[in-house]
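K.L.:
The structure follows.
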Amino acid sequence: MIDLRSDTVTRPSPAMLSAIVSARTGDDVYGDDPTVNALEAEAARLSGKQAALFLPTGTQANLVALLTHCQRGEEYIVGQLAHNYKYEAGGAAVLGSIQPQPIEAAEDGSLPLDKVAAVIKPDDIHFARTRLLSLENTIGGKVLPVAYLADAWRFTREHQLALHIDGARIFNAAVALELPLGSLTRYCDTLTICLSKGLGTPVGSLLCGDAEYIQRARRWRKMTGGGMRQAGILAAAGLYALENNVMRLKEDHDNARWLAEQLGELDINVSQHTNMVFARLPPEQVAPLKAWMQARNILLSVGPVTRLVTHLDVDRAALQQVVNQWKAFLAAQ
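Numbering (our numbering), first residue to last: -9 to 323.
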């Protein structure tokens, strides 16, 4: 089976499984799990933050981040297509009474700061208090420019806002820019990191920030059901990923670039950013292509804009099979 639906489908390697089996554990709710503690310390070091918190999922990490930043009746400014606005079940509104203020992103995925300024609420009893600017990096595979991150950081200081980055794939951004993670994360108060996408762990995300913020976030993690006991078996996979799977993300980017070039030679309208390829299809091809590929053990998120995501479980030979089958499909039409 060749699965290009997402990099969330990655499976732990034999070496990662070995790390899981041999992990030292304790009760993480008591702070006694040495492997979780080591993972959190490493995430804090890499991101240049004082502390980090291990959570089961990226959705919960973003939720806890928002709950810790904002009080009930306050708001965060966010992109119209951002994951923590559109794809996380409205958790901040449902559980925290936090109001999102979405705005349209620029072509490069950034939120234009003049548009952000225009929706910051005045100090008036009619409005929710604006507390936070939330960015996503990468978003749709696009890497936010470092100069923009620096500008956004200065902007939020001037407007007394906190700055959070949903960094589910922020290591993809760092690798694409050939920069250490801290060169990007110096321009935010908090960030989340997903371990179970391109980094290849079975589960887990991290929330990074200053020590006082993370201590408050720990309470929200407990309240929302994220406090785990012998979580070292999961944290061990995260440690392995941070030590072994970060730099190999370049291979995913190279494979995505190659795939985009091959599909382009089939006269398919494609674009590519980091490990994501987007193919724009005529409406009449959508359902037949999905059926064709599925019958040949190839899983794609097929739609008018079909996203193909490269990852550590798909090599160049597998991608060649995808190209061959796409070519055969077009010939059969």
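We put the beta carbon where it would ideally sit given N, CA and C, even for glycine.
Predicted model, so just to flag it, every value in this text is computed and none were measured.
Between the C-alpha atoms of Arg159 and Arg14, what's the straight-line distance to the nearest angstrom?
P.N.:
27 Å
K.L.:
What three-state label does DSSP hand Phe117 in the structure shown?
P.N.:
coil
K.L.:
Comparing the C-beta of Pro90 with each C-beta of chain B, is any distance below 8 Å?
P.N.:
Checking the listed chains, one finds no chain B in this structure; it contains a single protein chain.
K.L.:
Name the two residues that bound the continuous beta strand (DSSP E) containing Ser195.
P.N.:
Start and end: Ser195 to Gly199.
K.L.:
Just the Cα atoms here: how many angstroms apart are Ala321 and Asp303?
P.N.:
28 Å
K.L.:
Start and end of the alpha helix (DSSP H) containing Asp156?
P.N.:
Unbroken run through Asp156 is the beta strand (DSSP E), Ala152 to Gly157; no alpha helix (DSSP H).
K.L.:
Just the Cα atoms here: how many angstroms apart are Ser12 and Leu171?
P.N.:
28 Å
K.L.:
Below 8 Å between beta carbons: does that hold for Glu30 and Leu45?
P.N.:
no
K.L.:
Can you give me the Cβ contacts of Ala152 inside the same chain, cut-off strictly under 6 Å, excluding the 5 residues immediately before and after it?
P.N.:
Within the same chain, Ala152 has close Cβ partners His59, Leu122 and Asp179.
K.L.:
Please go through the same chain and pick out, in chain order, the residues whose beta-carbon is closer than 8 Å to the beta-carbon of Lys212, but skip the five residues on each side of it.
P.N.:
Val19
K.L.:
Below 8 Å between beta carbons: does that hold for Pro24 and Gly216?
P.N.:
no
K.L.:
When DSSP labels each residue in this structure, what does Gln315 get in the three-state scheme?
P.N.:
DSSP places Gln315 in the helix class (H, G or I) of the three-state scheme.
K.L.:
For the alpha helix (DSSP H) containing Val276, name the first residue and the last one.
P.N.:
Val276 to Ala285
K.L.:
Opposite Tyr66 in the DSSP bridges: which residues?
P.N.:
Pro90 and Leu122
K.L.:
How many angstroms separate the CA atom of Ser(-4) from the CA atom of Glu202?
P.N.:
35 Å
K.L.:
What residue from Ser186, Arg209 and Ala250 has the CA that sits closest to Leu232's CA?
P.N.:
Ser186
K.L.:
How do the stretch 162 to 176 and the stretch 235 to 242 stand: do at least 3 beta-carbon pairs fall below 8 Å, yes or no?
P.N.:
yes
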